[in-house]
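Report on one structure; see the data block that follows.
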Amino acid sequence: MLQIYPRMCMTAELLLLMSFWVPAYSNTVVSGDVGEDVILPCTVEYKEEFSYNTLNILWKTEHIHVYSFFYGNFQEEHQDEIFKGRAQLFHAEFPKGNVSLLLRNIQTSDAGIYTCSVFISKYTHKRITELVVRGK
Numbered sequence: 005m006l007q008i009y010p011r012m013c014m015t016a017e018l019l020l021l022m023s024f025w026v027p028a029y030s031n032t033v034v035s036g037d038v039g040e041d042v043i044l045p046c047t048v049e050y051k052e053e054f055s056y057n058t059l060n061i062l063w064k065t066e067h068i069h070v071y072s073f074f075y076g077n078f079q080e081e082h083q084d085e086i087f088k089g090r091a092q093l094f095h096a097e098f099p100k101g102n103v104s105l106l107l108r109n110i111q112t113s114d115a116g117i118y119t120c121s122v123f124i125s126k127y128t129h130k131r132i133t134e135l136v137v138r139g140k
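The opening position of the sequence shown corresponds to residue 5 in this note's numbering, with each subsequent residue numbered one higher.
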């Protein structure tokens, strides 16, 4: 009986640790062929009245800024060169909670994990999506 208790504790600790890791990964996988356009989904439910002036959105992969929108403005100066002219959000959809990313003309180098972070007032929402790019 004494040997079972430590194993149960270890199992409980592992489950607890895994529960903290789950948000870091997503079951959302988007795939497309080289040259296609894809939409990486990200939606949020606002806990208070929507305002462009308090909305902050950051899309990134690894340490590269794909698209950022802070306090009502697109922050082009923070966008990495490889995404200029290829990444777009649907600004008219923001009030509905749609902050999905349109990525045009995808390349094999675009494959990877993308993080959508939405900050509005004191609330934060994150969504992780994996992009798989198939060669032609």
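Just so you know, even glycine gets a beta-carbon here, dropped at the ideal spot from N, CA and C.
Can you check DSSP and say which residues form a bridge with residue i?
i	result
residue 64	69 and 119
residue 92	106
residue 47	102
Alpha carbon to alpha carbon, what distance is there between residue j and residue i?
i	j	result
residue 47	residue 72	15 Å
residue 34	residue 52	30 Å
residue 131	residue 88	22 Å
residue 31	residue 117	11 Å
residue 121	residue 54	16 Å
residue 115	residue 139	11 Å
residue 124	residue 58	6 Å
residue 94	residue 103	7 Å
residue 60	residue 91	16 Å
residue 99	residue 49	10 Å
residue 134	residue 45	10 Å
Tell me whether residue i sits in a helix, a strand or coil according to DSSP, three-state version.
i	result
residue 37	strand
residue 78	strand
residue 128	strand
residue 134	strand
residue 32	coil
Name the two residues that bound the continuous beta strand (DSSP E) containing residue i.
i	result
residue 42	42-44
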